[in-house]
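*Asks:*
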Amino acid sequence: MLRSVISLLKANRTPRLTQYSPSIVFELPEPTDDSRPILAAARQGLETIYRRGYRFMKGGVMLPDLLDAKREQLSLLAPPPSGKPCPNATTN
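Read in order, the letters of the sequence shown correspond to residues 2 to 93 in the numbering used here.
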């Protein structure tokens, strides 16, 4: 499961060239192991920080909080994973 994506670019370190090495963090709305929202966030991040005219030597995407799905921290306010109410839960 993943909660955030970091996109980064690294400019060429030639001293005579203007340096630009940005990064950006995109928080996903909820933890996911689906590659589609992860790739969409990574692409959006790279598109946000890319600037024409710089010579980039590398780019990357980091997944800083990758967790085993079995050890996921659930939200106290979210419905149970099964979609059924807890038997001892009370509602107002």
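Beta carbons are placed, not taken as given, at the ideal position from N, Cα and C, and that holds for glycine.
According to DSSP, which residues form a beta bridge with residue 11?
*Replies:* Within the sequence shown, numbered from 1, the residue matching residue 11 stands at position 10. Per DSSP, 59.
*Asks:* What is the C-beta distance between residue 67 and residue 3, in whole angstroms, given that I count them as a contact (C-beta under 8 angstroms)?
*Replies:* The residue you call residue 67 lines up with position 66 of the sequence shown. The residue you call residue 3 lines up with position 2 of the sequence shown. Contact holds; Cβ gap of about 6 angstroms.
*Asks:* State the start and end residues of the unbroken alpha helix (DSSP H) segment that holds residue 38.
*Replies:* To locate residue 38, count along the sequence shown from 1; it is residue 37. Start and end: 36–50.
*Asks:* For the beta strand (DSSP E) that residue 65 lies in, which residues bound it at each end?
*Replies:* Locating residue 65 in the sequence shown gives position 64, where the first residue counts as 1. Taken as a continuous stretch (DSSP letters only), residue 65 belongs to no beta strand (DSSP E), as it is neither H nor E.
*Asks:* Please list the terminal residues of the continuous beta strand (DSSP E) segment that includes residue 32.
*Replies:* For the purposes of this step, residue 32 is taken as the residue at position 31 of the sequence shown. Where residue 32 is concerned, the enclosing beta strand (DSSP E) stretches over 24–33.
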